[in-house]
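Counting in the UniProt record's numbering, the sequence shown runs from 1 upward without gaps. Positions of the beta carbon are idealized from the N, C-alpha and C atoms, including for glycine. First the structure, in the form of structure tokens, and then the observations on it.
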Amino acid sequence: MSSNMQAAPRSAPTHEQIVRHLRRAAAVGERAASFGHHPFGAILVGPDHETVLIEQGNVDTINHAESVLARIAAMNFSADYLWDCTLYTSVEPCCMCAGTAYWANIGRVVFGMTEQRLLEATGNHAENPTMSVSSRYVFDHCQKRVDLIGPVADVEDDVMRVQRAFWQTHA
Numbered sequence: 001m002s003s004n005m006q007a008a009p010r011s012a013p014t015h016e017q018i019v020r021h022l023r024r025a026a027a028v029g030e031r032a033a034s035f036g037h038h039p040f041g042a043i044l045v046g047p048d049h050e051t052v053l054i055e056q057g058n059v060d061t062i063n064h065a066e067s068v069l070a071r072i073a074a075m076n077f078s079a080d081y082l083w084d085c086t087l088y089t090s091v092e093p094c095c096m097c098a099g100t101a102y103w104a105n106i107g108r109v110v111f112g113m114t115e116q117r118l119l120e121a122t123g124n125h126a127e128n129p130t131m132s133v134s135s136r137y138v139f140d141h142c143q144k145r146v147d148l149i150g151p152v153a154d155v156e157d158d159v160m161r162v163q164r165a166f167w168q169t170h171a
């Protein structure tokens with residue numbers, strides 16, 4: 001990590017950009033569901049808050065959209081560049097995905113709906129054993145400060161509707 005990574009001020013996305021990118025991440029999740037995967041989606045947006053660099057749907061119970069995206073990003077972009085990027089995801093990253101985003105050096109994470117609300121949609125589903133470890137807890141225990149934004153009320157109900165519909169039909 002370069003010495004200026006934490007000190008250099010980063011611009012923040014506008015509310016309109018946040019909502020637009022979260023809706024795109026949710027659409028990526030719906031596309032994943034149409035291929036038989038769980039309905040989670042993530043996108044990586046460049047420092048300009050407009051350029052979508054990577055889109056990733058959920059692969060399986062181990063390869064979540066956010067962690068796969070973070071690994072691909074780390075293989076293709078420098079750590080300094082990623083520090084100024086934003087990962088948008090429909091549902092709050094689990095502790096595995098939050099940790100992977102941190103290690104990939106992605107400087108900001110934005111999510112639509114909390115992991116706790118996801119549990120309301122999934123219940124005790126064997127394919128999604130939701131953990132009670134928030135991404136905020138993970139990021140609060142890191143050596144560098146990752147910006148975390150979420151949940152975002154403008155998209156939360158839409159994300160919940162997709163999650164409920166999927167998990168009710170996959171009981």
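Can you have a look at residue i and say buried or exposed, based on whether 16 or more other CB atoms are within 10 angstroms of its CB?
i, result
"E50", "exposed"
"Y102", "buried"
"Q143", "exposed"
"Q116", "exposed"
"residue 207", "This structure does not reach residue 207, given that the chain is present from 1 up to 171, and the question cannot be answered."
"S135", "buried"
"V152", "buried"
What's the C-alpha gap between residue i and residue j?
i, j, result
"F139", "T89", "16 Å"
"E92", "F77", "23 Å"
"T100", "H141", "14 Å"
"Q56", "Q17", "19 Å"
"Y81", "A74", "10 Å"
"G107", "P47", "10 Å"
"D154", "E30", "18 Å"
"N105", "F166", "32 Å"
Since residue i and residue j are thought to touch, with beta carbons under 8 Å apart, how far apart are those beta carbons, to the nearest angstrom?
i, j, result
"V59", "V68", "6 Å"
"residue 184", "M113", "A question about residue 184 goes unanswered here, because the residues of the chain that appear run from 1 up to 171."
Whole alpha helix (DSSP H) runs in the UniProt domain "CMP/dCMP-type deaminase" (16 to 126) with 4 or more residues, listed along the chain? 65 to 76, 79 to 83, 95 to 104 and 115 to 122
Across the region 65 to 79 and the region 8 to 24, are there enough close Cβ pairs to call them in contact, namely three or more that are closer than 8 Å? no
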